[in-house]
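In full-length UniProt numbering, the protein residues as written are 1 to 434. The C-beta atom is built at its ideal place from N, Cα and C for all residues, glycine as well. The structure displayed is predicted, hence computed values, not measured ones. Read the structure below first, then the notes.
Put into structure tokens, the structure is as follows:
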């Protein structure tokens, strides 16, 4: 079927079918949306078939319907290319289901006799033509709509704890790596010491970016500086139709709010080492992030404490709603109440851009096991973590950035590094150092 429609775009370029003596101008046929066009152009189908079969003298009713379900519109402003494609569609239908579609086209309120009308030879001619062109031209394959080998970048952070400095200058908690890999992604660590040109090159090779939680300054740190470079690259890419998602967790979400509005609007919203249910907004149920969640699980999210919170600052709901840049950029999907009774933003997603933020830690539900940390390890907690990871990785599958060199790709991945056991000296079970 796909190769048939691919042939249409080539052969139709040299074919012209006229209604009377007037050429009807219109738009060029796009084979990928051919079927919707046929739905609207069934009357054009009849004019074209009448010319080919010698039935042009038949009077057509003002509104004619094909019994296979194709509705019709008046023949007004369609191109010769469209009409040619329509003829081929009749031929294809006649070959594959002559009793259902082509034989039931109402030409002048009467069923045509395919054997006597001359339509059958035209069908065979179209079929032979299709074979000829398929032999003469390379087959055009439709591009896979999903990238099955996504690579996500994770931005490293500067090591600030003295006890960790002997291991390296920057780090990534292994929980974030496992989180992304568990949903079918590979991970590339992104250091903070590259040039802008090198970051631009990395951007063209990865399919999404994760800003992790932590304790660095979200305005003046190297983490913030490099994040801004990627954020601006992602804005420009998405504006051009080059899909690229970004996710911010905890500090990463706070950083996203600064990048969007250009200032730090965080306030005291302490929710330290506590698991909370989500107060979902109306927008959450139609959001990209949550709309495919099972209905019963959405209810569970609002009842069970499945989100681990480990922050002292956040964006209050009041500030979010007052700031035009923020509420125009993000949809507010959930809120929570801090220990000081402040209502803070806990989940957002970009309205126009595939940018997402959570003030809580979905990765910890499955990959953080320090007994001092209140991560929800229940079946529902693990399921939430899985759903969130799968959602973001599936967003990255829509990006077709890639490495041109397999050797470079292999050498860039996290597999080249060994995580260090760190549960005895930090809040993390394992850390990657660079």
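Exercise for the section: Would you kindly check if the distance between the Cβ of residue 320 and the Cβ of residue 358 is under 9 angstroms? Expected result: Residue numbering aside, residue 358 sits at position 358 when the chain shown is read from its first letter. Residue numbering aside, residue 320 sits at position 320 when the chain shown is read from its first letter. With respect to the 9 angstroms criterion, residue 358 and residue 320 are not classified as neighbours on the basis of their beta carbons.
Practice task
Please name the residue in 424, 395 and 434 whose C-alpha comes closest to that of residue 209.
Solution key: Residue numbering aside, residue 209 sits at position 209 when the chain shown is read from its first letter. Closest in C-alpha terms to residue 209, from the list 424, 395 and 434, comes 395.
Practice task
Could you please give the first and the last residue of the uninterrupted beta strand (DSSP E) stretch that includes residue 268?
Solution key: In the chain shown, the residue the question calls residue 268 occupies position 268. Residue 268 -> beta strand (DSSP E) spans 267-276.
Handout entry: Residue of 429, 412 and 314 minimising C-alpha distance to residue 203
Key = By one-based count along the chain shown, residue 203 stands at place 203. Answer by Cα proximity: 412.
Practice task
Using a threshold of 9 angstroms, state whether the C-beta atoms of residue 366 and residue 385 are closer than that.
Solution key: Within the chain shown, residue 366 is the residue found at index 366, counting from 1. Within the chain shown, residue 385 is the residue found at index 385, counting from 1. Yes, they are a contact pair.
Practice task
Less than 8 angstroms between the CB atoms is what I'm expecting for residue 266 and residue 307, so what's the real figure, rounded?
Solution key: Along the chain shown, one-based indexing puts residue 266 at 266. Along the chain shown, one-based indexing puts residue 307 at 307. That pair is no contact at about 19 angstroms.
Exercise for the section: List the endpoints of the continuous beta strand (DSSP E) containing residue 302. Expected result: Here residue 302 is taken as the residue at index 302 of the chain shown, counted from 1. That residue, residue 302, is in no beta strand (DSSP E); its alpha helix (DSSP H) goes 295-303.
Practice task
Could you work out which residue in 322, 260 and 193 is closest to residue 355 when comparing CA atoms only?
Solution key: Here residue 355 refers to the residue found at position 355 of the chain shown. Nearest of 322, 260 and 193 to residue 355, Cα basis: 260.
Practice task
Please look up how many angstroms separate the CB atoms of residue 151 and residue 206, rounded, as I've assumed it's under 8 angstroms.
Solution key: Taking the chain shown and counting its residues from 1, one reaches residue 151 at position 151. Taking the chain shown and counting its residues from 1, one reaches residue 206 at position 206. That belief holds up - the Cβ atoms of residue 151 and residue 206 are roughly 5 angstroms apart, short of 8 angstroms.
Problem - Assigned exposure category for residue 163 - 16 Cβ within 10 Å defines buried - result: As a first step, residue 163 must be located in the chain shown, where it is residue number 163. Around the CB of residue 163, fewer than 16 other CB atoms lie within 10 Å, so the residue is classed as exposed.
Problem - Rounded distance between the beta-carbons of residue 334 and residue 281, thought under 8 angstroms - result: As a position in the chain shown, residue 281 is number 281, starting the count at 1. As a position in the chain shown, residue 334 is number 334, starting the count at 1. With 8 angstroms as the limit, residue 281 and residue 334 qualify as a contact, their Cβ atoms being about 6 angstroms apart.
Problem - Given residue 155 as reference, the closest of 200, 230 and 146 once Cα atoms are compared - result: The residue given as residue 155 occupies position 155 in the chain shown. From the listed residues 200, 230 and 146, the smallest Cα separation to residue 155 is found for 230.
Practice task
Leaving out five residues on either side along the sequence, give the residues of the same chain with a beta carbon under 7 angstroms from the beta carbon of residue 176.
Solution key: Along the chain shown, one-based indexing puts residue 176 at 176. Correct list, in chain order: 154, 210, 212 and 363.
Problem - Element boundaries [alpha helix (DSSP H), containing residue 406] - result: The residue labelled residue 406 in the question sits at position 406 within the chain shown. Per DSSP, the unbroken alpha helix (DSSP H) holding residue 406 starts and ends at 406-412.
Practice task
Indicate whether residue 270 and residue 326 have their beta-carbon atoms separated by less than 9 angstroms.
Solution key: Numbered from 1 along the chain shown, position 270 holds the residue referred to as residue 270. Numbered from 1 along the chain shown, position 326 holds the residue referred to as residue 326. Not a contact, by the Cβ cut-off of 9 angstroms.
Handout entry: Assigned secondary structure, residue 363 (DSSP; H/G/I helix, E/B strand, else coil)
Key = The residue you call residue 363 lines up with position 363 of the chain shown. Coil, per DSSP.
Problem - Contained alpha helix (DSSP H) runs [length at least 4] in the region 153-211, N- to C-terminal order - result: Secondary structure in the region 153-211: the alpha helix (DSSP H) runs of 4 residues or longer, each lying completely within the stretch, are 174-181 and 196-203 in chain order.
Problem - Where the alpha helix (DSSP H) containing residue 241 begins and where it ends - result: Looking up residue 241 in the chain shown gives position 241. Following the DSSP letters along the chain, one finds residue 241 in no alpha helix (DSSP H), marked with neither H nor E.
Practice task
Tell me whether the beta-carbon of residue 417 lies closer than 9 angstroms to the beta-carbon of residue 434.
Solution key: Stepping through the chain shown from its first residue, residue 417 is reached at position 417. Stepping through the chain shown from its first residue, residue 434 is reached at position 434. With contacts defined as CB atoms closer than 9 angstroms, residue 417 and residue 434 qualify as a contacting pair.
Exercise for the section: Under 7 angstroms Cβ to Cβ from residue 427, same chain only, skipping five residues before and after it: list those, please. Expected result: For the purposes of this step, residue 427 is taken as the residue at position 427 of the chain shown. These residues qualify, in order along the chain: 370 and 373.
Problem - Through-space distance from residue 429 to residue 423, alpha-carbon basis - result: Here residue 423 is taken as the residue at index 423 of the chain shown, counted from 1. Here residue 429 is taken as the residue at index 429 of the chain shown, counted from 1. The straight-line gap from Cα to Cα measures roughly 4 angstroms.
Exercise for the section: Establish whether the CB of residue 212 and some CB of chain B are separated by less than 9 angstroms. Expected result: The structure shown has no chain B; it contains just one protein chain.
Practice task
Return the CA-CA distance between residue 241 and residue 196, expressed in angstroms with no decimal places.
Solution key: Numbered from its first residue, the chain shown carries residue 241 at position 241. Numbered from its first residue, the chain shown carries residue 196 at position 196. Straight through space, the alpha carbons of residue 196 and residue 241 are spaced by roughly 22 angstroms.
Exercise for the section: Return the chain-ordered list of same chain residues with a C-beta closer than 7 angstroms to the C-beta of residue 293, the five sequence neighbours on each side being excluded. Expected result: To locate residue 293, count along the chain shown from 1; it is residue 293. Answer for residue 293: 387, listed in chain order.
Practice task
Let me know the secondary structure DSSP gives residue 350 once reduced to three states.
Solution key: In the chain shown, counting from the first residue as 1, residue 350 sits at position 350. Residue 350 falls in the strand class under three-state DSSP.
Practice task
Would you mind sorting residue 238 into buried or exposed? The rule is 16 or more other CB atoms within 10 Å of its CB.
Solution key: Here residue 238 is taken as the residue at index 238 of the chain shown, counted from 1. Residue 238 counts as buried, since at least 16 other C-beta atoms from the protein chains shown sit within 10 angstroms of its C-beta.
Problem - Contacting residues, own chain, Cβ-Cβ under 8 angstroms from residue 224 (five flanking each side not counted) - result: On the chain shown, residue 224 is found 224 positions in, with the first residue counted as 1. Within its own chain, the residues whose Cβ lies closer than 8 angstroms to the Cβ of residue 224, once the five positions on either side in sequence are excluded, are 216, 217, 218, 255 and 258, listed in chain order.
Practice task
Run the CB neighbour count on residue 170, radius 10 Å, all protein chains shown included, and call it buried at 16 or more, exposed below.
Solution key: Indexing the chain shown from 1 puts residue 170 at position 170. By the 10 Å Cβ count, residue 170 comes out buried.
Exercise for the section: Tell me where the alpha helix (DSSP H) around residue 371 begins and ends. Expected result: The residue labelled residue 371 in the question sits at position 371 within the chain shown. Where residue 371 is concerned, there is no enclosing alpha helix (DSSP H), given that its DSSP letter is neither H nor E.
Problem - residue 417 - DSSP class collapsed to helix/strand/coil - result: Translated into the one-based positions of the chain shown, residue 417 becomes position 417. It is coil, neither helix nor strand.
Problem - residue 286 (DSSP reduced to helix, strand or coil) - result: Reading the chain shown from its first residue, position 286 is the one you call residue 286. Residue state, collapsed to three classes: helix.
Problem - Length of the line joining the Cα atoms of residue 214 and residue 286 - result: Reading the chain shown from its first residue, position 214 is the one you call residue 214. Reading the chain shown from its first residue, position 286 is the one you call residue 286. Taking the straight line joining both Cα atoms gives about 30 angstroms.
Handout entry: Under the three-state DSSP convention, the category residue 216 falls into
Key = Sequence index remark: in the chain shown, residue 216 carries index 216 (1-based). In this structure, residue 216 counts as coil in the three-state DSSP scheme.
Handout entry: Member of 330, 341 and 268 whose CA lies at the smallest distance from the CA of residue 314
Key = Position 314 of the chain shown, counted from the start, is the residue given in the question as residue 314. Taking only the C-alpha atoms, the option nearest residue 314 is 268.
Problem - Option in 300, 166 and 348 with minimal Cα separation from residue 378 - result: Numbered from its first residue, the chain shown carries residue 378 at position 378. Closest option to residue 378, Cα to Cα, is 300.
Problem - Closest Cα partner of residue 318 within the set 328, 342 and 304 - result: On the chain shown, position 318 is the one that residue 318 refers to. Checked all of 328, 342 and 304; the closest Cα to residue 318 is 342.
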